[in-house]
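Chains as they are written, first to last, in the working numbering: chain A, 1 to 112; chain B, 1 to 115. Notes follow once the structure below has been shown.
In structure tokens form, the structure reads like this:
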């Protein structure tokens, strides 16, 4: 069975600072991994995904994530935070029948 | 590309009435659509998997007679909340899976309030 753990329900960074959102997964098969972002009262927008090609995945809005099999991690980073990055971020792993198993989410706050 | 719409975005209804929510993939065909429910400050909870032309598969604890799902075509799935009660008030989100990219794309969500 697949599972996802997101460390830190809330992360606060200053504008211009590095963003690091942590995600660890558990999967019995080679996983597909995703990061989604959700703005208030909206659906989820795909940021990036890993599908066993390059381990460093680049997404939209300057985000990227690195798949590390040895650490079972898929942390999301962005070199310089922008105020518009404030949102909730969900890490997910694809399981049986294309179902997604989501982490609990991390709320990113960006301080000016 | 890969746009999913939901209608309505917000609905308020009286207790005991039924509400239908539509989910459409606008620029791709989706053999599988998913329905989620999200409570305030929580993650998404998968309610059911909807496959075109067949019965939906419900997750454990989800009442199939209360949450009716129809997947009439490769671009449309509907969720009907029957005999709604205040505890059904929530944010409902659908997603559509495309085999081309093996990715789920999400709709904007529907906020249901039952009075």
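All C-beta atoms in this analysis are idealised placements derived from N, C-alpha and C, irrespective of residue type, glycine included.
- Contacts with chain B (Cβ-Cβ distance below 9 Å) from the segment 37 to 66 of chain A involve 38, 41, 42, 43, 44, 45, 46, 49, 51, listed in chain order.
- With a cutoff of 7 Å on beta-carbon distance, residue 92(B) and residue 10(B) are scored as not near each other.
- In this structure, residue 21(A) keeps its C-beta atom at 7 Å or more from the C-beta atom of residue 100(A).
- Residues of chain B with a Cβ closer than 7 Å to the Cβ of residue 100(A) are, in chain order, 104.
- Between residue 105(A) and chain B, the shortest Cβ-Cβ separation is below 7 Å.
- Residue 88(A) carries a strand assignment under DSSP once its states are collapsed to helix, strand and coil.
- Using a Cβ-Cβ cut-off of 8 Å, residue 97(B) is close to 98 of chain A, given in chain order.
- Using a Cβ-Cβ cut-off of 9 Å, residue 111(B) is close to 41 of chain A, given in chain order.
- Fully contained in the segment 14 to 52 of chain A is no alpha helix (DSSP H) run of length 4 or more.
- In the DSSP secondary-structure assignment, residue 49(B) is bridged to 34(B), 57(B).
- Close CB contacts of residue 24(B) within its chain, under the 6 Å cut and outside five residues either way in sequence, are with 5, 75, 76 (chain order).
- In the DSSP secondary-structure assignment, residue 65(A) is bridged to 57(A), 76(A).
- The secondary-structure analysis by DSSP pairs residue 70(B) across a beta bridge with 78(B).
- If the five residues before and after residue 109(A) are omitted, its C-beta is found closer than 8 Å to the C-beta atoms of 10, 11, 12, 13, 86, all from its own chain and listed in chain order.
- Residue 70(A) sits in a helix when the DSSP states are folded into three classes.
- Just so you know, the alpha carbons of residue 6(A) and residue 62(A) end up roughly 20 Å apart.
- Only 90, 94 from the segment 83 to 94 of chain A bring a Cβ to less than 8 Å from some Cβ of chain B.
- Counting only the Cα atoms, residue 7(B) lies some 20 Å from residue 16(B).
- Around the beta carbon of residue 39(A), a 10 Å sphere encloses fewer than 16 other beta carbons of the protein chains shown; the residue is thus reported as exposed.
- Bounds of the beta strand (DSSP E) holding residue 7(B) are 4 to 7.
- Distance between residue 54(B) and residue 71(B), taken at the CA atoms: about 7 Å.
- Here residue 87(B) carries a helix assignment [DSSP, helix/strand/coil].
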